[in-house]
Structure formats: structure tokens, C-alpha cells
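Enquirer: Provided herewith is a single structure, encoded as C-alpha cells, for subsequent inquiry.
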């Protein structure tokens with residue numbers, strides 16, 4: 001069982017949140033993503049850095065960079081023109097990235113969240129699950145399974161359906177994808193592939209994750225996250241729910257009981 005956070009780690013987590021709030025005050029439109037955003041919604045997750053998306057960074061990156069340079073406590077480390085700015089704010093690793101979805105005509109559901117006297121912009125919990133679902137497919141790391149599981153576990157079936165179905169329109173899978181869940185099947189759709197992957201959890205960093213489970217997923221309480229074996233069992237259950245969502249979305253009339261449970265009109 002992973003150990004709980006030490007007092008110094010709790011202090012660092014508070015500094016991450018404070019730095020994120022400070023940056024968002026200085027960069028209009030920036031919002032938090034990644035592990036730090038998941039940590040706001042879930043009791044187990046924390047992060048040692050803060051990643052932000054900026055919808056229009058590709059058009060005004062010079063203005064954003066100049067504003068950061070004038071921000072007390074900021075130091076620039078890496079700049080990838082019109083795409084990424086990396087640095088430190090009050091000692092916290094901080095990254096700003098362009099939100100490519102805007103150029104694709106898609107936007108994320110963002111909300112303002114008040115936490116411990118701080119104001120933060122971040123995706124809604126439903127949007128965080130959609131983001132993590134994308135990472136589950138295209139990155140396939142142990143933390144993606146953990147994050148998808150904990151976020152989805154807080155959603156009743158109808159809300160899970162409403163949350164996941166937009167992924168079918170947002171992300172189109174190539175007909176011959178080498179990264180299908182077991183490398184042998186052609187993905188039929190995003191939700192079908194997601195359900196299969198969760199039903200057969202095999203993150204590409206599993207060996208490393210098992211060796212560093214405590215360090216990679218730091219907890220605020222020792223019982224917030226199970227062992228990998230228990231987590232894999234939860235993921236298989238979630239995988240079946242996702243496959244059910246896919247089936248009732250594809251053909252609402254085929255399984256009336258499922259359609260009723262997910263509140264899908266026939």
C-alpha cells in the first residue's frame with residue numbers, strides 16, 4: 001500500500017496550486033490540466049508541477065512570454081515557438097502549451113474552481129475524464145488507468161454516457177492502428193477501443209510503475225488508491241461500462257435494459 005504524503009510533500013502540493021493560480025492571473029485564458037487538475041477533483045492524486053493550456057498561445061506567444069518575464073518569481077527555461085513555454089514560477093515547474101483543439105474547431109468545458117482561498121480555471125470533471133481517456137488511448141501509462149478509474153467511479157451511468165459519447169466525434173481512430181489494445185484488432189471506434197483497453201489493462205510503463213508505485217502516485221491518505229492488482233480489477237469493471245456505453249450509443253434499441261439504465265432514448 002503506498003505511503004501517505006509527508007508534511008513537506010503536502011506543502012509542495014499547496015505551492016503547486018498557489019503558483020497555478022498566480023500564473024492564471026497573469027495569463028488570461030490559461031487553464032490547468034494534467035495531474036494537478038485531476039488532484040483537485042480526486043483525493044489521491046497530487047503533482048509536483050503544473051501544466052496549463054492556453055487557447056491562443058500560437059498567435060500571441062510573444063506577448064505571453066513578455067508577460068511571464070515581467071512576473072515576479074518566474075524564470076524561463078525552454079521556449080518552443082508558438083507552441084510551448086516551460087519555466088519555473090516560485091520554484092514550481094510550470095508549462096504553458098497551445099490548445100490545439102481551438103484550431104480544430106473544438107473547445108473544452110472549463111470552469112472556475114475555488115480551493116483553499118485560491119481561484120483556479122480547469123476543465124470540468126467530465127472534461128478531465130475525456131482528456132484522460134484520450135491519454136489512455138494515445139499514451140497508455142499506468143497513471144492514465146488510475147485517473148480514468150477514479151474520475152469515472154464518481155459518475156452514475158447516465159452521466160458517464162453523456163460524458164463519454166462526445167469522444168466518438170472528437171477523436172477519429174485510423175482504420176489500421178498498431179496501438180490497438182492488444183495489437184491484433186482493428187479499432188472500431190474510440191469508445192470500443194477504450195473499453196477494450198480498460199478491460200485488458202496493460203500500460204506500457206507497468207514494470208516501472210510497479211517499482212515506483214509510491215513515488216509515481218503520491219497519496220493524501222494511505223487508503224485512497226489500491227494496489228495495481230486491485231486497480232486493474234476496477235479498470236476491468238469500468239471497461240465493461242464503457243463497452244456498454246458504446247453498444248447503447250451504437251444501437252439504443254438492441255438492449256432496452258441497458259438503454260434504460262443509461263437513459264438513452266430508443
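Residue numbers (the numbering used here): 1 to 266. Every residue gets a Cβ at the ideal spot worked out from N, C-alpha and C, and that includes glycine. Just so you know, these numbers come straight off a predicted model, no measurement behind them.
With a Cβ-Cβ cutoff of 8 Å, do residue 144 and residue 135 count as a contact?
Expert: Yes; because the gap between Cβ atoms is below 8 Å, this pair is in contact.
Enquirer: Count the other C-beta atoms from every protein chain shown that fall within 10 angstroms of the C-beta of residue 123, then say buried if there are 16 or more, exposed otherwise.
Expert: With 16 or more Cβ atoms within 10 Å of its Cβ, residue 123 is classed as buried.
Enquirer: Helix, strand or coil: which one does DSSP assign to residue 128?
Expert: Reduced to three states, the DSSP call for residue 128 is helix.
Enquirer: My guess is that residue 161 and residue 41 are in contact by the Cβ rule of under 8 Å, so how many angstroms apart are they, rounded?
Expert: That belief does not hold up - the Cβ atoms of residue 161 and residue 41 are roughly 19 Å apart, past 8 Å.
Enquirer: Provide the residue(s) that pair with residue 86 in DSSP beta bridges, ordered along the chain.
Expert: Beta-bridge pairing links residue 86 to 78 and 95.
Enquirer: Identify every run of the beta strand (DSSP E) within the stretch 2 to 71, keeping only runs that are complete inside it and at least 3 residues long; order them along the chain.
Expert: You should have 31 to 33 and 49 to 54.
Enquirer: Quick one: give me the first and last residue of the alpha helix (DSSP H) that residue 162 is part of.
Expert: Per DSSP, residue 162 belongs to the alpha helix (DSSP H) from 157 to 164.
Enquirer: Check residue 134 in the structure and name its three-state DSSP category.
Expert: Residue 134: helix per DSSP, three-state reduction.
Enquirer: When the Cα atoms are used, what is the spatial distance from residue 269 to residue 241?
Expert: Outside the modelled stretch of the chain, which goes from 1 to 266, sits residue 269, for which no answer is possible.
Enquirer: Relative to the C-alpha of residue 128, which candidate in 32, 249, 230 and 238 has its C-alpha closest?
Expert: Of the candidates 32, 249, 230 and 238, the one whose C-alpha sits nearest the C-alpha of residue 128 is 32.
Enquirer: Output the distance between the C-alpha atoms of residue 142 and residue 205, rounded to the nearest integer angstrom.
Expert: Computed Cα separation, rounded: 6 Å.
Enquirer: Output the distance between the C-alpha atoms of residue 158 and residue 91, rounded to the nearest integer angstrom.
Expert: The straight-line gap from Cα to Cα measures roughly 42 Å.
Enquirer: Let me know the secondary structure DSSP gives residue 108 once reduced to three states.
Expert: It is coil, neither helix nor strand.
Enquirer: Under 8 Å by Cβ, that's how I've got residue 110 and residue 193 pegged, so tell me the actual separation to the nearest angstrom.
Expert: Actually they do not touch by this definition, with Cβ atoms about 26 Å apart.
Enquirer: For the alpha helix (DSSP H) that contains residue 123, what are its first and last residues?
Expert: Element bounds for residue 123: not the alpha helix (DSSP H) but the beta strand (DSSP E), 118 to 123.
Enquirer: Distance, Cα to Cα, residue 46 vs residue 59?
Expert: So the alpha carbons of these two residues sit roughly 32 Å apart.
Enquirer: So, for residue 68: in the same chain, excluding its five sequence neighbours on each side, which residues have a beta-carbon less than 6 Å away from its beta-carbon?
Expert: Excluding sequence neighbours, residue 68 sits near 74.
Enquirer: From residue 99 to residue 76, what does the alpha carbon distance come to, in whole angstroms?
Expert: Residue 99 and residue 76: Cα-Cα distance of roughly 20 Å.
Enquirer: Comparing C-alpha positions only, which one of 117, 20, 247 and 121 sits nearest to residue 87?
Expert: Cα-wise, what sits closest to residue 87 is 20.
Enquirer: Taking only the alpha-carbon atoms, compute the straight-line gap between residue 29 and residue 256 and give it to the nearest angstrom.
Expert: Each residue's alpha carbon lies about 43 Å from the other.
Enquirer: What does the alpha-carbon distance come out to for the pair residue 26 and residue 265?
Expert: Whole-angstrom Cα-Cα distance: 45 Å.
Enquirer: Do residue 53 and residue 120 have their beta-carbon atoms positioned less than 8 Å apart in this structure?
Expert: In this structure, residue 53 does not lie closer than 8 Å to residue 120 by Cβ.
Enquirer: Relative to the alpha-carbon of residue 244, which residue among 164, 172 and 228 has its alpha-carbon at the smallest distance?
Expert: Checked all of 164, 172 and 228; the closest Cα to residue 244 is 164.
Enquirer: Got a sec? Which residues, its chain only, sit under 8 Å from residue 113 by beta carbon, not counting five neighbours each side?
Expert: Around residue 113: 40, 119, 120, 121 and 122.
Enquirer: Would you say residue 231 lies against chain C (beta-carbon separation less than 8 Å)?
Expert: Going by chain labels, chain C is absent from the structure shown, which holds only one protein chain.
Enquirer: Return helix, strand or coil for residue 171, following the three-state DSSP convention.
Expert: Of the three classes helix, strand and coil, the one that applies to residue 171 here is coil, per DSSP.
Enquirer: Report yes if the C-beta distance between residue 149 and residue 238 is below 8 Å; otherwise report no.
Expert: For residue 149 and residue 238, yes; Cβs fall inside 8 Å.
Enquirer: May I have the straight-line CA-CA distance separating residue 96 from residue 36, to the nearest angstrom?
Expert: Between residue 96 and residue 36, the C-alpha separation is close to 14 Å.
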